[in-house]
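The sequence shown begins at 1 in UniProt numbering and counts up one residue at a time.
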Amino acid sequence: MASDLKLAGQIYLLSFKKDLDELHLKQLLVIINDKTSTKQQIKDNIQTFFEGIGGEIFVKFNKIQTKLLFKQGIYASKILSCKNELSEEAKAILEKASKIKNDFSLTPEQEKRKLLELFGSLSDSVKSEFKILAQIFGKEKWI
Numbered sequence: 001m002a003s004d005l006k007l008a009g010q011i012y013l014l015s016f017k018k019d020l021d022e023l024h025l026k027q028l029l030v031i032i033n034d035k036t037s038t039k040q041q042i043k044d045n046i047q048t049f050f051e052g053i054g055g056e057i058f059v060k061f062n063k064i065q066t067k068l069l070f071k072q073g074i075y076a077s078k079i080l081s082c083k084n085e086l087s088e089e090a091k092a093i094l095e096k097a098s099k100i101k102n103d104f105s106l107t108p109e110q111e112k113r114k115l116l117e118l119f120g121s122l123s124d125s126v127k128s129e130f131k132i133l134a135q136i137f138g139k140e141k142w143i
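Right, dumping it as structure tokens:
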């Protein structure tokens, strides 16, 4: 279960693999894989990293940021449209998961642990509801 930041980090690495020198790639990897910083700190550090490089790299970073935000919006609206079809229990779980995902004071590891706890105690009926959602969203391309 990859966090949104982890996914974004992987997208940045793939997108900038040819644009950044080895030192910058290593620095970006350190930022993305930081286990002690909160999600907000990691997000800010990624922003600062690309601002520091500047130029075309920063322009490209901003374009990717815009695409990611757009895709997140599409993803969120798809979840909202499917929500009406879910049981009350599944809706409550989605609400809790959303709060966890939107809590940027957590480290990625804390987020992962909380989500695993939340989804680890699902009833079989809710699991099957989420399997259907996973099939719908598993085909989603981020970039």
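Glycine residues also receive a C-beta, built at the ideal position from the N, C-alpha and C atoms. No experiment lies behind these values; they were computed from the predicted model shown.
A contact is defined here as three or more CB-CB pairs under 8 Å, and the stretch 85-95 fails this definition with respect to the stretch 24-44.
Straight-line measurement puts the Cα of residue 108 at about 27 Å from the Cα of residue 81. In terms of Cβ geometry, residue 27 and residue 49 form a close pair [threshold 8 Å]. Of all alpha-carbon atoms in 111, 119, 137, the one lying nearest the alpha-carbon of residue 100 is that of 111.
With the rule of 3 Cβ pairs closer than 8 Å, the stretch 11-25 counts as touching the stretch 61-77. At the C-beta level, residue 83 and residue 91 come within 8 Å of one another. Ranked by how close their Cα comes to the Cα of residue 53, the residues 123, 16, 76 have 16 in first place.
Each residue's CA atom was taken as its position, placing residue 113 and residue 69 some 25 Å apart.
In the DSSP assignment, residue 45 falls within the alpha helix (DSSP H) that extends over 39-53.
The alpha helix (DSSP H) runs of length 4 or more contained entirely in the stretch 47-104 are, from start to end of the chain, 55-83, 88-101.
At the C-beta level, residue 123 and residue 89 come within 8 Å of one another.
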